[in-house]
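Novice: Residue numbers are given in UniProt numbering: position 196 of the sequence shown equals residue 196, and the series is strictly consecutive.
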Amino acid sequence: MSARVYLVDDDAAVRDALCLLLSTVGIDTTAYARPADFLQALPGLAPGCLILDIRMPAISGLKLQEQLRKAEIDWPTVVISGHGDIEACRKAFRNGAIDFLSKPVDEQDLIDAIQKGQAALDRAVAEQAERNETLVLLADLTPREHEVLSLVARGFTTRDIAGALGVSPRTVESHRAAIGAKLGTTSPAEMARLWIEAESTP
Numbered sequence: 001m002s003a004r005v006y007l008v009d010d011d012a013a014v015r016d017a018l019c020l021l022l023s024t025v026g027i028d029t030t031a032y033a034r035p036a037d038f039l040q041a042l043p044g045l046a047p048g049c050l051i052l053d054i055r056m057p058a059i060s061g062l063k064l065q066e067q068l069r070k071a072e073i074d075w076p077t078v079v080i081s082g083h084g085d086i087e088a089c090r091k092a093f094r095n096g097a098i099d100f101l102s103k104p105v106d107e108q109d110l111i112d113a114i115q116k117g118q119a120a121l122d123r124a125v126a127e128q129a130e131r132n133e134t135l136v137l138l139a140d141l142t143p144r145e146h147e148v149l150s151l152v153a154r155g156f157t158t159r160d161i162a163g164a165l166g167v168s169p170r171t172v173e174s175h176r177a178a179i180g181a182k183l184g185t186t187s188p189a190e191m192a193r194l195w196i197e198a199e200s201t202p
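1) Quick one: which unbroken beta strand (DSSP E) runs of 3-plus residues sit fully inside the UniProt domain "Response regulatory" (4-118)? Chain order, please.
2) What is the DSSP secondary structure of Arg154, counted as helix, strand or coil?
3) Indicate whether Gln65 and Leu52 have their beta-carbon atoms separated by less than 8 angstroms.
4) Can you check whether the CB of Leu149 is closer than 8 angstroms to the CB of Trp195?
5) Classify Thr29 as buried or exposed, calling it buried when 16 or more other Cβ atoms lie within 10 Å of its own Cβ.
6) Note the first and the last residue of the continuous alpha helix (DSSP H) segment covering Val172.
7) Under the criterion of a Cβ to heavy atom distance below 7 angstroms, does Pro57 qualify as lining the ligand MN?
8) By Cβ distance below 7 angstroms, which residues in the same chain neighbour Ala71 in space, the five residues on each side in sequence not counted?
9) Helix, strand or coil for Asp122 per DSSP?
10) Is Thr134 helix, strand or coil by DSSP?
11) Mapping DSSP to helix, strand and coil, what is Leu165?
12) Can you tell me the Cα-Cα spacing of Pro104 and Gly61, whole angstroms?
13) Going by the beta-carbon positions, is the gap between residue 203 and Asp140 smaller than 8 angstroms?
14) What residue range does the alpha helix (DSSP H) around Ile194 cover?
15) If you drop the 5 nearest sequence neighbours on each side, which residues of the same chain put their C-beta closer than 8 angstroms to that of Glu145?
16) Less than 6 angstroms between C-beta atoms, sequence neighbours within five positions excluded: which residues of the same chain meet that for Val152?
17) Helix, strand or coil for Asp140 per DSSP?
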């Protein structure tokens, strides 16, 4: 597996056991004894899957989850607990956890959860790469072409666009041809998808 995992647990025995387990299946794991240590290292970390102990001094796993969400870091998270707290489980899932496991953690359940998280992370990375590519393509459009594309995305016909912009239909067709050449598609539906995708990018 190519998964990168960050484990935050104040119990040294648990950290050692889980790191050893995951190393046997080729999972690169970095362990932290305190949430504060993880948060300090966070700016320099590549995206990965998180394993968070739910009960830790100072900052609990749930509080750490909440802080990460506020920072718009939505890495796949597996929460582990030695207490089987149902309400804590609900909160963990509300905060975006992909799984909630009880200690002692079942080895296969943990590996399955990490595989699921890695798949989600891979999808997110691919989607972001696609959005970035779309932004690069749209950046090549002229201001007028942006105007025309925005109207195409809203379902306007060539004649509607000509009326809205005060130009001839032939001029609109010329702009649409230029847009199609730059975006690699003449499909109105595909143009609309690209425009909407770009508009939804933070």
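Each residue gets a CB set at the ideal place from its N, CA and C atoms; glycine is no exception.
Specialist: Reading off the structure:
1) 4-8, 28-32, 49-53, 77-81 and 99-102
2) coil
3) yes
4) yes
5) buried
6) Pro169 to Leu183
7) Among the components of this structure there are no ligands whatsoever, and the ligand MN is therefore not found.
8) none
9) helix
10) helix
11) helix
12) 17 angstroms
13) Lying before the first or after the last residue shown, residue 203 is absent from the chain, which here runs from 1 to 202.
14) According to the sequence displayed, residue 194 carries Leu and not Ile. Element bounds for Leu194: Pro188 to Glu199.
15) His175, Ala178, Ile179 and Lys182
16) Pro188 and Met191
17) coil
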